[in-house]
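Chains A and B supply the protein sequences, listed in that same order.
Sequential numbering of the first sequence, starting at 3, is according to my numbering.
Sequential numbering of the second sequence, starting at 13, is according to my numbering.
One structure is given below, encoded as structure tokens.
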Amino acid sequence: MKTETSAVDIDRNKGDFFYPEAHVRDAGAGLSERTVHYISDVKEDPDWLREFRLRGLKTFLAKPLPTHWASKDLEAIDFDKIRYYLSPGTEAKRSWDEVPDDIKRTFERLGIPEQERKFLAGVEAQFDSEAVYSNIKKAVGEQGVIFVGSTEGLKNYPEIFRKWFGKVIPIADNKFSALNSAVFSGGSFIYVPPGVKVKHPLQAYFRINAENFGQFERTLIIADEGSEVTYMEGCTAPKFNTPTLHSAVVELVALKGAKIQYITVQNWASNVFNLVTKRGLAHENAEVKWIDCNIGSRLTMKYPGVIMKGRKARGEVLSIALANDGQHQDTGAKMIHAADETTSNIISKSISIGKGRATYRGLVHVPKHLKNCKNNTECDALLINATSRTDTYPAITVRGTGNAVQHEASVSQVSSEQIFYMQQRGLTEAQAMSLSVNGFVNDLVRQFPMEYSVELKRLIELEMEGSVG
Amino acid sequence: MTKNETATIENQAAPILSGPGESREFPDWFRDQQRAAWKQFESLPTPTRKDQAWRFTNVNFLDLSLFNYGGKLTEQERATILEQSRGLEEVAGRMIFAGDELIERDVISDQLKKRGVIFQSLERAMVEHADLFRTYFMSQPARLGSAKFAALHQALVSSGTFLYVPRGVEIELPIEIFHWLNGKNASAFPHLLLVTDELAKVTVIEHFRSVNEHVPGFACGVNDLVSGPGAKVTYVCAQNWADKVIALQMNSTTVDHDASAMSLNLHLGSRYSRFESLSRLIGEGGRSDLLAVAVAKHDQEFDARTLQDHVSPHTASDLLYKNALDDRARTIFGGLIRVEPHAHFTDAYQKVRNLLLSDDAEANSMPGLEILADNVRCTHGATSGQINEDELFYLRTRGIPVPVAQRLIVTGFLDEVVQRLDHPAISERLRQLIEEKFANNRD
Numbered sequence: 003m004k005t006e007t008s009a010v011d012i013d014r015n016k017g018d019f020f021y022p023e024a025h026v027r028d029a030g031a032g033l034s035e036r037t038v039h040y041i042s043d044v045k046e047d048p049d050w051l052r053e054f055r056l057r058g059l060k061t062f063l064a065k066p067l068p069t070h071w072a073s074k075d076l077e078a079i080d081f082d083k084i085r086y087y088l089s090p091g092t093e094a095k096r097s098w099d100e101v102p103d104d105i106k107r108t109f110e111r112l113g114i115p116e117q118e119r120k121f122l123a124g125v126e127a128q129f130d131s132e133a134v135y136s137n138i139k140k141a142v143g144e145q146g147v148i149f150v151g152s153t154e155g156l157k158n159y160p161e162i163f164r165k166w167f168g169k170v171i172p173i174a175d176n177k178f179s180a181l182n183s184a185v186f187s188g189g190s191f192i193y194v195p196p197g198v199k200v201k202h203p204l205q206a207y208f209r210i211n212a213e214n215f216g217q218f219e220r221t222l223i224i225a226d227e228g229s230e231v232t233y234m235e236g237c238t239a240p241k242f243n244t245p246t247l248h249s250a251v252v253e254l255v256a257l258k259g260a261k262i263q264y265i266t267v268q269n270w271a272s273n274v275f276n277l278v279t280k281r282g283l284a285h286e287n288a289e290v291k292w293i294d295c296n297i298g299s300r301l302t303m304k305y306p307g308v309i310m311k312g313r314k315a316r317g318e319v320l321s322i323a324l325a326n327d328g329q330h331q332d333t334g335a336k337m338i339h340a341a342d343e344t345t346s347n348i349i350s351k352s353i354s355i356g357k358g359r360a361t362y363r364g365l366v367h368v369p370k371h372l373k374n375c376k377n378n379t380e381c382d383a384l385l386i387n388a389t390s391r392t393d394t395y396p397a398i399t400v401r402g403t404g405n406a407v408q409h410e411a412s413v414s415q416v417s418s419e420q421i422f423y424m425q426q427r428g429l430t431e432a433q434a435m436s437l438s439v440n441g442f443v444n445d446l447v448r449q450f451p452m453e454y455s456v457e458l459k460r461l462i463e464l465e466m467e468g469s470v471g
Numbered sequence: 013m014t015k016n017e018t019a020t021i022e023n024q025a026a027p028i029l030s031g032p033g034e035s036r037e038f039p040d041w042f043r044d045q046q047r048a049a050w051k052q053f054e055s056l057p058t059p060t061r062k063d064q065a066w067r068f069t070n071v072n073f074l075d076l077s078l079f080n081y082g083g084k085l086t087e088q089e090r091a092t093i094l095e096q097s098r099g100l101e102e103v104a105g106r107m108i109f110a111g112d113e114l115i116e117r118d119v120i121s122d123q124l125k126k127r128g129v130i131f132q133s134l135e136r137a138m139v140e141h142a143d144l145f146r147t148y149f150m151s152q153p154a155r156l157g158s159a160k161f162a163a164l165h166q167a168l169v170s171s172g173t174f175l176y177v178p179r180g181v182e183i184e185l186p187i188e189i190f191h192w193l194n195g196k197n198a199s200a201f202p203h204l205l206l207v208t209d210e211l212a213k214v215t216v217i218e219h220f221r222s223v224n225e226h227v228p229g230f231a232c233g234v235n236d237l238v239s240g241p242g243a244k245v246t247y248v249c250a251q252n253w254a255d256k257v258i259a260l261q262m263n264s265t266t267v268d269h270d271a272s273a274m275s276l277n278l279h280l281g282s283r284y285s286r287f288e289s290l291s292r293l294i295g296e297g298g299r300s301d302l303l304a305v306a307v308a309k310h311d312q313e314f315d316a317r318t319l320q321d322h323v324s325p326h327t328a329s330d331l332l333y334k335n336a337l338d339d340r341a342r343t344i345f346g347g348l349i350r351v352e353p354h355a356h357f358t359d360a361y362q363k364v365r366n367l368l369l370s371d372d373a374e375a376n377s378m379p380g381l382e383i384l385a386d387n388v389r390c391t392h393g394a395t396s397g398q399i400n401e402d403e404l405f406y407l408r409t410r411g412i413p414v415p416v417a418q419r420l421i422v423t424g425f426l427d428e429v430v431q432r433l434d435h436p437a438i439s440e441r442l443r444q445l446i447e448e449k450f451a452n453n454r455d
């Protein structure tokens, strides 16, 4: 029966292998001022950044874990056992041939980038802390688009980098953004010049490969006036026995009339704590759209947000979460309206399988004296088994008379009639269930770029295996 | 008697934070409970805005150092209160409390009495019906954030209503209860303990009022409402405290199999009013309807927290809360539908709608779901908006001036909730109260 269910040929253990570590730079385990100085020394940070990191550390140590509202599972993270900085000691590579062989094999096992290279304008793959491979197709480079690692961005384009760095997500936004501010390394820096519309999505892959090692990448994307860019990130990580921490900060800035679309497919191993802060700033007429897909990890806490700062700015979050045994997907969205005629849209779909728990947490804020702001929120949850759990915790604040906000949520299960109908036509129960679940998320998945929607459908089928019967 | 009276007068001057007085004549076991509750009140921390259960609340309202036990009624005041306690024309029974003193009790008909209906003061019930009392009195912990204030209530409660409706007895006419706050900085600790046995039916309406329109006061009430198997309980609260009163109310409803409970809370008065409604569905076929209407003006803050707790499979709940907000008023709705493990075939609904009438009004909505079972149907919705311009235009083209048209639209918006009650006389009374609030408060 089981073999019949895997209609798609996918190797379940694809993310499970790893190669011996050969880290040249290692800050050791635990976090102190020394760790921060070590990172700053290795990366040859300018003074202002060293101070920024130290402020981050201070804030991180001062802030309590947010367990008064968030999962108590956070207490399982042993911050003293985590190694905060590792680097293979190699500089970012320009060409594929220069990438070390064992790292290259890792990416090949994942099916990137060889097969997908054709689709992609540029590839920025992060292996542990440092970008080991980066490449932008000639055409993109000629348009003046900057697509480099965050360290390189900071060194080569300080005037653009510093203007926006840490401005969308301040150090003290939350405990984990403070942690990231203290120890970040890696991540992408993208600048799209005025009027440039990047045709192909830019893509980066992240992996964690050292046991007990947290990955703290920092991404900053600036789309100048009237430009458009799509960024995609996908994550897989090898499985380890002790918890691993991933705590990224992603800041997006869409200047007047610009559009940024940020797509994530998160498939960390089921022992990873994935605590990520993502926020976009949309100026006049600009649009920031988050497409966020969470399949893996032990606990994900991620609420992509948009601050609509300019008139007629738009914000959108499309979110899919799949929680299987031992997983808690605590995801959602934040929409801060800060100008007239701003509109936002949140669509969230979650599926809980086995003992999995999916949580939607949302914030919609429409302050005083704004006119014609609109928000629409829809959250739908699907429960597969009797032991599955789902929660919805939205918080909506509206002031004044000129605005309209609506929120709707529903919880349901796959109808037995549907399953029966499909079984009558020769599908196994598992296949029928898988088909139903794919139908449930289909209208969202269709909005994804093609290769991602295919990958996503396969991932869902994979997760559904063995959940019924 | 004289000794007692002197003690009472001493008590009256005392601030409530000095603790429970020792002069009241309660059974020892109850006294012990009160002392334990007071200890609990003192040890529990005062809520802060960081507590999820108090998110968005202006917790500065919770300073209780000002409030005292309230003065003794003069004959004149007593007469005024009795005269002003006008509610429904026809009732099955009536109690009137001033402060925490029962000043009048209209007994229900002899026939109901003969069939075993008990309608008496709390302090009598704890002696005469100790078993019932001890089984149900504050048997449910306050789970919605006010454990500290429930403890305060338990420590300081000195009177209240006990109503027991035996098996199969249906009381058609409503029971009416009045609670009056009298005097500056006076406090009250209203309590209603309502227990219905199998297939019983009863409706209770409580009025919360102040004698003096412009002095501060404090009310901290707890209601235990028990709907036995197949029973039908309707509870209506008409909260119309004076505009400087701080009020906390914690209601806990238990719905047994095939029973139904309906509550409607009307919020008009007070400076800050927090109302916690916990409805537990513990038997198959149980149904709970939670309704509320709030008209918030000036600097008023209405803070509603609800929990629809589905413990048993095959239960249904339906919540509809509507707020109309004007001036600088704030409302908070924090609601949760919780479907416990194994509570399959739950059908739960939750809807909050805010109508904002001014640019400074603020509506906060937190409609939540926690689902730990499957085969459930749970939906919730929250909307915030303003008067539809087309509707306003339509009324204006028919010669209706703007203020009148606005009022028509707002009352129409709120009336959807009031209509859900199947007691025309009570619905009519609530409509009058809403009208009065719109008519009075234009200063």
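Here a beta-carbon is modelled for each residue, glycine too, at the ideal position from N, C-alpha and C.
Nearest-angstrom Cβ-Cβ length linking Q320(B) and A360(B), presumed shorter than 8 Å = Within the second sequence, residue 320(B) is the residue found at index 308, counting from 1. Within the second sequence, residue 360(B) is the residue found at index 348, counting from 1. Contact between Q320(B) and A360(B) holds, since their C-beta atoms are separated by about 6 Å, short of 8 Å.
task = Alpha carbon to alpha carbon, how far is N263(B) from R155(B)? Give it in angstroms, no decimals.
result = Walking along the second sequence from the start, residue 155(B) turns up at place 143. Walking along the second sequence from the start, residue 263(B) turns up at place 251. Their backbone Cα atoms lie some 11 Å apart in a straight line.
task = Using a Cβ cut-off of 7 Å, pull out every chain A residue sitting near P379(B), in sequence order please.
result = As a working note, residue 379(B) is residue 367 in the second sequence. Within 7 Å Cβ-Cβ: P396, H409.
request  = Kindly list, in the order they appear in chain A, the residues whose Cβ is closer than 8 Å to that of H141(B).
outcome  = What you label residue 141(B) is simply residue 129 of the second sequence in a count that begins at 1. Here the premise fails: no neighbours, minimum Cβ distance about 41 Å.
Which listed residue (V416(B), K126(B), Q88(B), K84(B)) has its alpha carbon closest to that of D112(B) = Position 100 of the second sequence, counting from 1, holds the residue named residue 112(B). Checked all of V416(B), K126(B), Q88(B), K84(B); the closest Cα to D112(B) is K84(B).
request  = Please determine, among K261(A), V251(A), D327(A), V447(A), the residue with the shortest C-alpha to C-alpha distance to M466(A).
outcome  = Residue 466(A) sits at position 464 when you count from the first residue of the first sequence. Considering only alpha carbons, the answer is D327(A).
query = What runs of the beta strand (DSSP E), each 3 residues or longer, lie entirely inside the region 356-386 of chain B?
reply = Correct list: 359-368, 374-383.
request  = Can you check DSSP and say which residues form a bridge with I338(A)?
outcome  = Here residue 338(A) refers to the residue found at position 336 when the first sequence is read from its first residue. Residue pairing for I338(A): DSSP places it in a beta bridge opposite I309(A), H367(A).
query = So who's on the other strand from I398(A), going by DSSP bridges?
reply = By 1-based counting over the first sequence, the position of residue 398(A) is 396. Residue pairing of I398(A) in beta bridges, as defined by DSSP: V366(A), S377(B).
Contacts around L56(A), its chain only, beta-carbon distance under 8 Å, and the 5 residues preceding and following it disregarded = What you label residue 56(A) is simply residue 54 of the first sequence in a count that begins at 1. Residues of the same chain with a CB within less than 8 Å of the CB of L56(A), apart from the 5 flanking positions on each side, are E35, V38, A184 in chain order.
query = Taking any Cβ of chain B, which residues in the region 375-402 of chain A have a Cβ under 8 Å from it, in chain order?
reply = Cβ contacts with chain B: A383, L385, I386, N387, A388, T389, S390, R391, T392, D393, T394, Y395, P396, A397, I398, T399, V400, R401, G402.
ask   = Does the pairing of the region 421-432 of chain A with the region 334-344 of chain A give three or more beta-carbon distances under 8 Å?
value = At 8 Å Cβ cutoff, the stretches do not touch.
ask   = Can you find at least 3 beta carbon pairs, one from the region 235-254 of chain B and one from the region 425-444 of chain B, that sit closer than 8 Å?
value = Judged by Cβ distances under 8 Å, the region 235-254 of chain B makes contact with the region 425-444 of chain B, as three or more pairs qualify.
query = Is it the case that the CB of K177(A) approaches a heavy atom of the ligand PLP more closely than 7 Å?
reply = Among the ligands in the structure shown, none appear at all, so the ligand PLP cannot be discussed.
request  = Compare the Cα-Cα distances from I223(A) to each of P172(A), Q433(A), V150(A) and report the closest residue.
outcome  = Here the question's residue 223(A) lines up with position 221 in the first sequence. With distances taken between Cα atoms, I223(A) lies closest to V150(A).
ask   = Rounded C-beta distance between L331(B) and G347(B)? I'm assuming under 8 Å.
value = Position 319 of the second sequence, counting from 1, holds the residue named residue 331(B). Position 335 of the second sequence, counting from 1, holds the residue named residue 347(B). The pair is a contact, with the Cβ atoms about 6 Å apart (cut-off 8 Å).
ask   = Tell me the DSSP bridge mates of S350(A)?
value = By one-based count along the first sequence, residue 350(A) stands at place 348. Bridge partners of S350(A): S321(A), C381(A).
inquiry  = I'd like the list of long-range same chain contacts for E182(B), defined as Cβ closer than 6 Å, with 5 residues on each side in sequence excluded.
reply    = To locate residue 182(B), count along the second sequence from 1; it is residue 170. Correct list, in chain order: K213.
request  = Please name the residue or residues paired with V451(A) in a DSSP beta bridge.
outcome  = As a first step, residue 451(A) must be located in the first sequence, where it is residue number 449. The question names Val, but residue 451(A) in the sequence shown is Pro. Partner(s): none; P451(A) has no beta bridge.
ask   = Is the Cβ of Q415(A) closer than 8 Å to any Cβ of chain B?
value = Looking up residue 415(A) in the first sequence gives position 413. Interface residue, yes.
ask   = Hey, is G404(A)'s beta-carbon within less than 8 Å of any beta-carbon in chain B?
value = Counted from its first residue, the first sequence places residue 404(A) at position 402. G404(A) counts as touching chain B.
query = Thinking C-beta only, is C295(A) closer than 8 Å to L458(A)?
reply = Along the first sequence, one-based indexing puts residue 458(A) at 456. Along the first sequence, one-based indexing puts residue 295(A) at 293. Taking 8 Å as the Cβ cut-off, L458(A) and C295(A) qualify as a contacting pair.
query = In its own chain, which residues sit with a C-beta less than 7 Å from the C-beta of F385(A), not counting the 5 before and 5 after it?
reply = Against the first sequence, residue 385(A) aligns to sequence position 383. One point to set straight first is that residue 385(A) is Leu, not Phe, in the sequence displayed. Here the set comprises S354, T392, V413, Q415.
message = Can you pull the chain B neighbours of S438(A), defined as C-beta to C-beta under 9 Å?
response = To locate residue 438(A), count along the first sequence from 1; it is residue 436. Within 9 Å Cβ-Cβ: nothing; S438(A) doesn't reach chain B, min ~14 Å.
Cross-strand partners of T302(A) (DSSP beta bridge) = By one-based count along the first sequence, residue 302(A) stands at place 300. Per DSSP, N276(A), Q331(A).
query = List, in order along the chain, the chain A residues whose C-beta lies closer than 9 Å to that of R67(B)?
reply = Working through the second sequence from its first residue, we reach residue 67(B) at position 55. For R67(B), the neighbours in chain A by C-beta distance under 9 Å run, in chain order, W71, A397.
ask   = What's the C-alpha gap between T318(B) and S289(B)?
value = Taking the second sequence and counting its residues from 1, one reaches residue 318(B) at position 306. Taking the second sequence and counting its residues from 1, one reaches residue 289(B) at position 277. Spanning the two alpha carbons is a distance of roughly 5 Å.
ask   = CB T394(A) to CB Y362(A), shorter than 8 Å?
value = Against the first sequence, residue 394(A) aligns to sequence position 392. Against the first sequence, residue 362(A) aligns to sequence position 360. Yes, these two residues count as a Cβ contact at 8 Å.
ask   = With burial defined as no fewer than 16 other Cβ atoms inside 10 Å of the residue's Cβ, what is the status of N405(B): buried or exposed?
value = Counted from its first residue, the second sequence places residue 405(B) at position 393. Residue identity check: residue 405(B) is Phe in the sequence provided, not Asn. By the 16-neighbour rule on beta-carbons within 10 angstroms, F405(B) is exposed.
message = Just to check my reading of the structure: N405(A) and L372(A) have Cβ atoms closer than 8 Å, yes? What is that Cβ distance to the nearest angstrom?
response = Here residue 405(A) refers to the residue found at position 403 of the first sequence. Here residue 372(A) refers to the residue found at position 370 of the first sequence. Sure, about 6 Å apart at Cβ, within 8 Å.
ask   = Do the region 203-212 of chain B and the region 77-95 of chain B touch if we need at least three Cβ pairs shorter than 8 Å?
value = Three or more beta-carbon pairs separated by less than 8 Å are not found between the region 203-212 of chain B and the region 77-95 of chain B, which leaves the two stretches without contact.
query = Quick one, which residues of the region 424-436 of chain B are near chain A if we go by CB-CB under 9 Å, in chain order?
reply = Those residues of the region 424-436 of chain B that come within reach of chain A (Cβ to Cβ, closer than 9 Å) do not exist; the list is empty.
request  = Please state if the CB of K311(A) and the CB of L283(A) are separated by a distance shorter than 8 Å.
outcome  = The residue given as residue 283(A) occupies position 281 in the first sequence. The residue given as residue 311(A) occupies position 309 in the first sequence. It is a contact, given that the beta carbons lie within the stated cut-off.
key: Residues near N158(A) in its chain [Cβ-Cβ closer than 6 Å; skip 5 each side]   = The residue labelled residue 158(A) in the question sits at position 156 within the first sequence. Correct list: empty, nothing qualifies.
inquiry  = List, from N- to C-terminal side, the alpha helix (DSSP H) runs of 4 residues or more that fit wholly inside the region 386-445 of chain B.
reply    = Runs found: 401-409, 414-430.
inquiry  = For F178(A), tell me which candidate among V198(A), G189(A), A64(A), V142(A) has the shortest Cα-Cα distance.
reply    = On the first sequence, residue 178(A) is found 176 positions in, with the first residue counted as 1. Residue A64(A) holds the alpha-carbon nearest to the alpha-carbon of F178(A) among V198(A), G189(A), A64(A), V142(A).
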